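Chains as they are written, first to last, in the working numbering: chain A, 119 to 488; chain B, 182 to 505; chain C, 8 to 532. For every residue, glycine included, the Cβ atom is placed at its ideal position computed from N, Cα and C. Source: prediction; values computed, not measured.
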Amino acid sequence: MSDSNIIPKWLSVGLIPLMNLFLAFCVSGLFILFIGENPFRAISVMIKGAFYYPGAIGYTLYYTTNFIFTGLAVALAFHARLFNIGGEGQAYVGGLGVGLVCLVFDQHVVGFLVTILAILGSVIFGAIWGIIPGYLQAKRGSHIVITTIMFNFIAAALMVYLLVNVIIEPGQMSPETRDFASGVGLVQIHILAKYLGLDIAMSPLNLSFIVALTVSVGFWFLVWRTKFGYEVRSLGHSETAAIYAGIKVSSTIIIVMAISGGLAGLVAINELLGVHNKLLLGFTAGYGFTGIAVALMGRNHPFGIFLASLLFGALYQGGTELDFEFSSITREMVLLIQGLIILFSGALAYMLNPLVERAYLKYYGNYSSA
Amino acid sequence: MPESFQLIISLLDSTIRIATPLIFCAMAGIFSERSGIIDIGLEGKMLLSAFVAATATFLTGSPILGLFAAILASCGASFIHGFACITNRGDQVISGLAINILASGLTITLGIALFSRGGQTPPLASEQRFMPIEFPFLDEMSYVPVLGDLFVEVISGHNILVYLSVLAVFFTYYVIFKTRFGLRLRAVGEKPEAVDTAGISVIKLRYQSILIAGMLCGLAGAYLSIAHGAGFGREMSAGKGYIALAAMIFGKWNPIPTLFACLLFGFLEALGVRLEGVELMWIGEVPVQVMQALPYVLTVVLLAGFIGKARAPGAIGVPYSKEG
Amino acid sequence: MKNIENKEGSETIESLPSSTKLAIELKNITKRFGHVVANSDVNLKVSTGTIHGIVGENGAGKSTLMNILFGLYKPDSGMIFLNGQAVDVNSPEKSIALGIGMVHQHFMLVPTFTVLENAMLGNEGSMFLQSGEEFVLDRLRGLSENYGLDVDFEAIISETPVGMQQRVEILKALNRGAKILILDEPTGVLTPQETIGLFDILRSLREQGVTIVLITHKLKEIMSITDTVSVMRGGKVVANFSTEKTSPEELAENMVGRKVLLSIKKPTLKVGNPVLEVKNVSHESKDGVNVLKDISFDLRQGEILGIAGVAGNGQSELLDILSGIETLQRGKITVNDKTILPYQDWNSKKAREFGVAHVPEDRHKRGLVLPFYNYENSILGYHRNEEYSSGFLMDKRKIFNFVDDLVENFDVRPRSSSISSSKLSGGNQQKLVLAREIESNPKILLVGQPTRGVDIGAIERIYEDLMKLKSKGTAILLVSVELDEIMSLSDRIIVMNQGSIVGETNSSDATELDLGKMMSGLEKV
């Protein structure tokens, strides 16, 4: 897949993705119409739910945080032309890292330090779950798409086993660990605001959001300003040229997958350290898969990923509002929209190119340069 | 009849029930991937057609019509997949993923809108389902030791789709390896230029292949909701499409080995359920999750070339263009 | 400069006996790819039962024209007549039905299929393979015997030699009833014996009434086998001849468009010490073929050593090993007094550290990361150097300073650092790669096919740059399939055939004839 050579960048990177998004929303609207509801009312409910009500923005940004992490994870792998579908599993296992660190240390070590260690734990455990498929791709030639899919399921089985049989709180029925000790965790923004004398509505938004923004800047730096980033992009565009340039292909693949997995693992800090304060079943809730849509829409650039994450954050938060307002539409409508966005922004990303090219040539083009 | 024999018989019986949708989907995967199109969307197509089968059957009262509706819906999803990756040369993995997520959202949304039962369809009466078929001479056979039990408990007493899945394997094998269409299909998955310059349309061939894949997924979906089950439940495909994908790779894109991979994976699941809470000698209790993860682990190990080598069709995942 | 235009050329054709019927007539064919005009207003006539050659340099539009005739590409305008009838060839399906067969430069065979399966693809004889196979096999055996197309029907394609693969391609076309056969650069991958065999086949096809169009850039082949010939240049047919009335010189002149001036001033320079010593290097490819057999030679300071040979005789593998892309399996290499032994840690990074620069044969696949901007490509392979970086960061300002000078000094057009290299012409891409490698101040420069797909103006510039580098004392290893290029640039020439060095000569003593014989493996020196 490549962008057009004919039309200028503002069309191919700006207008066409917006048109694709618009198409996805149009088709979603048709479905709502088909169900017998008013799509415009649904949109206004979702917008209100995402931005208007007290705490709504906080919720939206809390979801956004997850999508930034998984979106960046998928995007980094894309830069090396690796399709990491395993964000879901990597985030899940990242949660194991957080959980183990907290359960082992939180009774003995000061909370602040445990939190730092837990963040590291999420990155390292997520990285491990990325390194294995990376290694198998680099050294054994296993197709990374298939391996990461398999690893999602293996992660799910592993986590169920551990949560049900090993690290479950004794005497507890639902498969969760005990609560982490107080003092461990990332402060929620509304609590922080209270210290500063501001009154913000309660929401699960926490310091992870700041981490996400910092990591986004770091991502940009890594990919476009470092030698390693240069090597990753070379490899992504042309493996043969990368070998010619003396770039070690397999170690680059493995490192990229490690960082990618680590990024996905950070979802756990938002969910576990920021909100739940314990390790529980299924906390990843599909964020890893949504990361693919985010990376596609954001064109693998951190700024684009931020915007796309915000959109999906708003969709998720606004989607919960659908449950209250409609009898026949629920938040699962968002899944449908998400599927359509992946379809139009991802698989059909270049469908409109010929159309736009023709229109562009008609109004601006001249063939004199031929 | 000794207890262990009874156990084996019932294990085999549930193996077949579990393996049936896997077999349909894996054969679908073979058709699609042998023609060069990655099919991650097996899961979504199965889920969608399970929903459509149950809905259409409930509305019309006829499982036959339900089955046809399921096939139609699944082919529709295949067509979208084809439009994205054959006509528009989009990424096949992304397209398949889109179909899976779309199917998840669509089935729940439509289910709630139509039936207001939290995404479920209303339960179907037994005359609205494909019911088990009892073979003749069951009574007579039951007097024959071993073979008789095998016949009565394992071979007989399944619904029509189970038997159809076995037929699907032979159908797949025959079409792919013994017909002109199959020769061309294999060629287009290995080297589409060769097919194009032989005056055969790559696009048409690939559409045909994925539409066959769509039909087979439709059968899998219908099996879930109107044959094995009595109605649709949210996310009822529960990752079976991915297990089928794994089985297809495990069977190295060949129908007969893939059939055995499906049976193996089905057997593992059946065994996992049966072993839950059972203390085994020497080993102790085997967690059900081990059995659940085993198909995926085995596939990873196979793909990594530690046991044999699975070689994918040469042109898989690459969009075809003449002037590119 | 003598200029022959269409009109004069077509008269030559019309002077043929009037009894000959035209099998193919193309009228005013034009084809654009984006902004590039590949064929412009092309006219072509080929008589039934003749062998017609189309010559031209790389990029002259030969393959595009034939792909149009075969229905793979749609022309933007123009008409096609077959046997006097206007036809609309909009797909290979149609062209095959009209009796056209094409053997592509890169074979269109399914590597995992048997010869039989490949030959029958598209004309299987029946819906069911078993009954079809029996029927088709009979027909193929007949064709095979009739035309001397010797193949093993049971063999898997990927395990057969290229010569047989080509015969399968011809069989495939005949199986589908081809009366017109197009061959695109058929001898590029063949040994001389195989070429002779192919020409025998083509003659026997002609005798039985098949019309053949042969695309090539090798003039000798044109002279030896064709009846008539068209010359293409810059997307146009610039001349038509009857083969017996023309000469290689006249054809060459028309191909290039002006007298070729390849009398390059070689700086007279005393060659110095050997900087590259290759001893007994052998190499086995991934498919288990011995692609290099016991190669030994020296390369000295200030010397250009040319390696001549038909493509695919081990030159590419040799370059890959010397540049660190491939691991050394057997033998010994000494680079600037540093010795590399088999399976030692040897890669492109290390090669550059040892002072080996490399202009690769394929600039699209290796020399450039095409979507990258010029400034990114201008440091490919040298991006770790401290000149362009500080710590683990890249220093964009330093890179830009470097690149601005680079495009200026080496005349890379357009003079922009921030344009995607994919938008440059072939010649300018090559200049960029060469500039990058020269600017690394190498002790040794490995150059593969420096002028492939490069326009004449850029060729001159590239030759000049190589000579300048030589006079600075750099040792240059030049691999090229263009004999002229090897002869005019090199001080010394070695010839490779089937993975071995079959001859060595000083370029002043070399004649094209001798080299040609060595290249074909007929003669050892």
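Exercise for the section: Tell me, please, whether the CB atom of His290(C) is closer than 7 Å to any CB atom in chain A? Expected result: no
Problem - Contact list for Leu223(B) against chain A, beta-carbon separation under 7 Å - result: Simply none; closest approach about 11 Å.
Problem - Contacts of Ser355(C) in chain A (Cβ-Cβ under 9 Å) - result: Ile361, Tyr362, Ala363, Gly364 and Ile365
Exercise for the section: Just the chain A side, please: which residues come within less than 7 Å of Ile384(B) by C-beta, in chain order? Expected result: The premise fails here: Ile384(B) is roughly 16 Å from chain A at the closest Cβ pair, so nothing lies under 7 Å.
Handout entry: For Ala93(C), the residue or residues it bridges with in DSSP
Key = Phe88(C)
Practice task
Name, going along the chain, the residues of the stretch 107–136 of chain C whose beta-carbon falls closer than 9 Å to a beta-carbon of chain B.
Solution key: Met109, His111, His113, Phe114, Met115, Leu116, Val117, Pro118, Thr119, Phe120, Glu124, Asn125, Met127, Leu128, Gly129, Asn130, Glu131, Gly132, Ser133, Met134, Phe135 and Leu136
Problem - Cα-Cα separation between Gly434(C) and Gly68(C), rounded to whole angstroms - result: 17 Å
Practice task
Tell me Asp224(A)'s beta-bridge partners as DSSP assigns them.
Solution key: DSSP, once it has assigned bridges, lists no residue as partnering Asp224(A).
Practice task
Compare the C-beta of Gly176(A) with all C-beta atoms of chain B and state if any pair is closer than 7 Å.
Solution key: no
Exercise for the section: Over the uninterrupted beta strand (DSSP E) stretch that includes Asn35(C), give me the two end residues. Expected result: Leu29 to Phe40
Practice task
Mind the definition here: the stretch 99–107 of chain C touches the stretch 40–59 of chain C only if three or more C-beta pairs lie below 8 Å; say whether that holds.
Solution key: no
Problem - Proximity of Ile252(B) and Gly399(B) at Cβ, strictly below 7 Å - result: yes
Exercise for the section: For Ile219(B), count neighbouring C-beta atoms within 10 Å of its own C-beta (all shown protein chains included) and say buried if the count is 16 or more, exposed if not. Expected result: buried
Practice task
May I ask you to list, following chain order, the residues of the stretch 288–312 of chain B that have a beta carbon less than 8 Å from some beta carbon of chain A?
Solution key: Ile289, Thr290, Leu291, Ile293, Ala294, Ser297 and Gly300
Practice task
Mind checking the stretch 339–358 of chain A against chain C and listing, in chain order, the residues whose C-beta falls within less than 7 Å of any C-beta there?
Solution key: Arg343, Thr344, Lys345, Phe346, Tyr348, Ser352, His355, Ser356 and Thr358
Handout entry: Continuous alpha helix (DSSP H) assignments of at least 4 residues falling wholly in the stretch 342–410 of chain A
Key = 345–355, 357–362 and 367–383
Problem - Rounded C-alpha distance that separates Arg343(A) from Leu116(C) - result: 44 Å
Handout entry: Through-space distance from Met415(A) to Leu399(A), alpha-carbon basis
Key = 29 Å
Practice task
Using a Cβ cut-off of 7 Å (strictly closer), state whether Leu387(C) contacts chain A.
Solution key: yes
Handout entry: Beta-carbon neighbours of Leu79(C), restricted to chain B and to distances below 9 Å
Key = Asp377, Thr378, Lys503 and Glu504
Exercise for the section: For His226(A), count neighbouring Cβ atoms within 10 angstroms of its own Cβ and tell me buried if that reaches 16, exposed if not. Expected result: exposed
Practice task
For chain A, find out if any of its Cβ atoms is closer than 7 Å to the Cβ of Pro193(C); answer yes or no.
Solution key: no
Handout entry: Ala306(B) classed as buried or exposed, judged by whether at least 16 other C-beta atoms fall within 10 angstroms
Key = exposed
Problem - Residues near Gly217(A) by beta carbon distance below 6 Å, same chain, minus five either side - result: Thr295 and Leu397
Problem - Cβ distance (whole Å) where Pro497(B) is taken to contact Gly217(B) below 8 Å - result: This sequence places Ile at residue 497(B); Pro is not what is there. With a Cβ gap of about 5 Å, Ile497(B) and Gly217(B) count as contacting.
Practice task
Label Ile309(A) either buried or exposed according to how many other C-beta atoms from any shown protein chain fall within 10 Å of its C-beta, with 16 as the threshold for buried.
Solution key: exposed
Practice task
Please report how far the alpha carbon of Ile219(C) lies from the alpha carbon of Tyr482(A), in whole angstroms.
Solution key: 45 Å
Handout entry: Sheet register partners of Thr341(C) (DSSP bridge)
Key = Glu284(C) and Thr346(C)
Practice task
Grab the span of the alpha helix (DSSP H) containing Arg240(C) for me, first residue to last.
Solution key: Here Arg240(C) belongs to no alpha helix (DSSP H); instead the beta strand (DSSP E) covers Thr235 to Arg240.
Practice task
Check Leu197(A) in the structure and name its three-state DSSP category.
Solution key: It is worth fixing the name first, because residue 197(A) is His in this sequence and not Leu. In this structure, His197(A) counts as helix in the three-state DSSP scheme.
Practice task
Give the range of the alpha helix (DSSP H) segment to which Asn105(A) is assigned.
Solution key: Not covered by the structure: residue 105(A). The range shown for chain A is 119 to 488.
Practice task
Output the distance between the C-alpha atoms of Glu465(C) and Lys359(B), rounded to the nearest integer angstrom.
Solution key: The identity of residue 465(C) in the sequence shown is Ala, whereas the question assumes Glu. About 55 Å.
Exercise for the section: Mind reading off the beta-carbon distance from Pro420(A) to Leu190(A)? Whole number of angstroms is fine, and I expect it under 8 Å. Expected result: 7 Å
Exercise for the section: Output the distance between the C-alpha atoms of Ile175(A) and Phe169(A), rounded to the nearest integer angstrom. Expected result: 5 Å
Problem - With 16 other Cβ atoms within 10 Å as the buried cut-off, status of Leu328(B) - result: exposed
Practice task
For Arg361(B), decide whether its Cβ has a neighbour in chain C, counting only Cβ atoms nearer than 7 Å.
Solution key: yes
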